[in-house]
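Notes to accompany the following structure.
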Amino acid sequence: MGIFGYLLWVLPMKRFSAWAGAAALAMIFIPVVVRTTEEMLRMVPQSVREAALALGIERWKTTLFITVRTATAGIVTGILLAMARIVGETAPLLFTALGNQFWQEGLDQPIAAVPLQIFSYAISPYEDWHDKAWAGAVVLIGMVFLISACARYFTRVKK
Amino acid sequence: MENALQVKDLCAWFGEHQVLKNITMDIRRNSVTSVMGPSGCGKSTFIRCLNRMHDLTPGFRVAGDVLFDGRNIYSEKIDPVLLRRKVGMVFQQPNPFPRMSAFENVAVGLKFNGKKRTRSEMAEVVEKSLRMAALWDELKDHLDRPGTSLSGGQQQRLCIARALAVEPEVLLMDEPCSALDPVSAAKIEELIEDLSDKYTIVVVTHNMQQAGRISDFVAFFLLGDLIEMDKAAKIFTNPADRRTEEYITGRFG
């Protein structure tokens, strides 16, 4: 995926950039989300759709407002799983976002990313940097945890 | 006009398999018509033809006319969406929308049918519909509870209220009591009788006692044919056809 992103964006733009990194991650993210969303929509029972149609609700409104709403929890979970997946991606970013030790000047410049930073610290020869890599990993896990907790909170079933 | 629906020579197929054969019947306005018969005789298929619920079923085909207010509902000019607002439906399994409160469940038809309404108008319609469905007193303090957290009987009445909220003229009910306990079923039956003052109701049932209690007219189906249709009292005391008699006396079905 990284090399693909490199060919598609980095070479034509002639520079590593945040955009290229985002695009590479999106190419991992979108198919996963689309597939889980499709699966979740399929799991909505036919009776729910029929009930909406029998009320004289147009088909597109039924799908958009009733079916999707019924499947919200599943769709959000799918998005989260995909996010958790790409949050830790390092390889695609190596070839696209590259990483940046300095002040960010724009999204068309190379950009730092937590997994990239962990990677560069982890392969360094210094004990001190290794410790920082471990700390980075904790931060990463904390972020994933935070995202999941928020999503669980917002999609909870009200009792 | 006396008849809410007139069905003429209605045939229906699932693929090659013919499930309804030349059904012709009139459904009287503001009455309860029961459609009775053994399983697989086409009862449910028949009432689903009356509001075009089969439109999305692959391989399904109909021939013949169903006149509603004198117009054929299968003509090109009829929008099935508008038709279904006039001809509502209640299903066998109570199917309130998950992830919606009881209030939203009733309001949802209004919310999506185009006309703008204020919050208080909505609340008014919801209250009216729930009262008609004999659910208001039980539910008025719990309107924000999810529809799916109610008991089965309450869910079914919620579905009836939901159907009533869009102000239909005809209410089709596909075995509305068969998934419910006897007490809840009795409540629904009572409700059907009350509603028949204002609405034309078509009920599918294979429970003969129920058909006898609630209906003004009874239609008896067998293997896709309409065997006989008459006043309920006539069907249950002196049916014209031998097969009807055998069915109601419990010799088959």
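Protein chains in written order, with our numbering: chain D, 1 to 159; chain S, 1001 to 1253. Don't be surprised by glycine CBs; every beta carbon is placed ideally from N, CA and C.
- Counting along the chain, the unbroken beta strand (DSSP E) around residue 1226 of chain S starts and ends at 1225-1231.
- Residue environment for residue 19 of chain D: buried (at least 16 other C-beta atoms within 10 angstroms of its C-beta).
- In summary, residue 1084 of chain S is buried, with 16 or more beta-carbon neighbours lying within 10 Å of its beta-carbon over all protein chains present.
- Per DSSP, reduced to three states, the secondary structure at residue 1215 of chain S is coil, with no helix or strand assignment.
- For residue 1008 of chain S, the enclosing beta strand (DSSP E) has its first and last residue at 1003-1014.
- Within chain S, no C-beta atom comes less than 8 Å from the C-beta of residue 38 of chain D; the nearest is roughly 18 Å away.
- Membership of residue 1060 of chain S in the beta strand (DSSP E) is indicated by the continuous run 1060-1068.
- The beta carbon of residue 55 of chain D sits closer than 8 Å to some beta carbon of chain S.
- According to DSSP, residue pairing for residue 1072 of chain S in a beta bridge involves S/1067.
- Here residue 1077 of chain S is actually not in contact with residue 1224 of chain S; their C-beta atoms are around 29 Å apart, not less than 8 Å.
- For the segment 45-75 of chain D, the residues whose beta carbon sits under 7 Å from a beta carbon of chain S are, in order, 47, 48, 50, 51, 53, 54, 55, 56, 57, 58, 61, 65, 66, 69, 70, 72.
- The alpha helix (DSSP H) runs of length 4 or more contained entirely in the segment 35-89 of chain D are, from start to end of the chain, 46-54, 72-87.
- A buried status is given to residue 117 of chain D, since no fewer than 16 other beta-carbon atoms sit within 10 Å of its beta-carbon.
- The Cβ-Cβ distance between residue 1166 of chain S and residue 1109 of chain S falls below 8 Å.
- Under the three-state reduction of DSSP output, residue 1146 of chain S falls in the strand class.
- For residue 1044 of chain S, no beta strand (DSSP E) segment is defined; the enclosing uninterrupted segment is the alpha helix (DSSP H) at 1043-1049.
- Using a Cβ-Cβ cut-off of 8 Å, residue 1163 of chain S is close to 54, 55 of chain D, given in chain order.
- Residue 1117 of chain S is outside the set of residues whose beta carbon lies under 8 Å from a beta carbon in chain D.
- By the criterion of a C-beta distance shorter than 7 Å, residue 1015 of chain S is surrounded in its chain by 1059, once the five residues flanking it on both sides are discounted.
- With a threshold of 8 Å between beta carbons, residue 1208 of chain S makes no contact with chain D.
- Chain D has no Cβ within less than 8 Å of the Cβ of residue 1046 of chain S.
- Neighbours of residue 1176 of chain S in chain D, taken as residues at a C-beta separation under 9 Å, are lacking, since the least C-beta distance is about 13 Å.
- Judged by beta-carbon spacing, residue 1202 of chain S lies within the 8 Å limit of residue 1033 of chain S, meaning their Cβ atoms are closer than that value.
- Not a single C-beta of chain D is nearer than 8 Å to the C-beta of residue 1226 of chain S.
- The segment 1154-1179 of chain S contains, as complete beta strand (DSSP E) runs of 3+ residues, the segments 1170-1174 (chain order).
- Contact of residue 1098 of chain S with chain D is assigned, a C-beta pair being separated by under 8 Å.
- With contacts defined by Cβ atoms closer than 8 Å, residue 1112 of chain S and residue 1126 of chain S do not form a contacting pair.
- Contact note: residue 1166 of chain S reaches chain D through 55, 56, using a C-beta cutoff of 8 Å and chain order.
- Residue pairing by DSSP puts residue 1205 of chain S in a beta bridge opposite S/1036.
- Here DSSP, grouped into helix, strand and coil, assigns residue 1 of chain D to coil.
- Between residue 1231 of chain S and residue 1217 of chain S, the C-beta spacing is below 8 Å.
- No Cβ-Cβ contact shorter than 8 Å links residue 1188 of chain S with residue 1145 of chain S.
- Taking a cut-off of 8 Å for Cβ pairs, the segment 33-50 of chain D and the segment 65-78 of chain D touch, as three or more such pairs fall below it.
- The DSSP assignment places 1080-1086, 1102-1111, 1119-1132, 1136-1139 as complete runs of the alpha helix (DSSP H) inside the segment 1070-1148 of chain S, in order along the chain (cut-off: 4 residues).
- Sequence-ordered contacts of the segment 1070-1094 of chain S with chain D read 1081, 1082, 1084, 1085, 1088, 1089, 1091, 1093 [C-beta pairs closer than 7 Å].
- Between residue 1067 of chain S and residue 1154 of chain S the beta-carbon gap is near 36 Å, outside 8 Å, which marks them as no contact.
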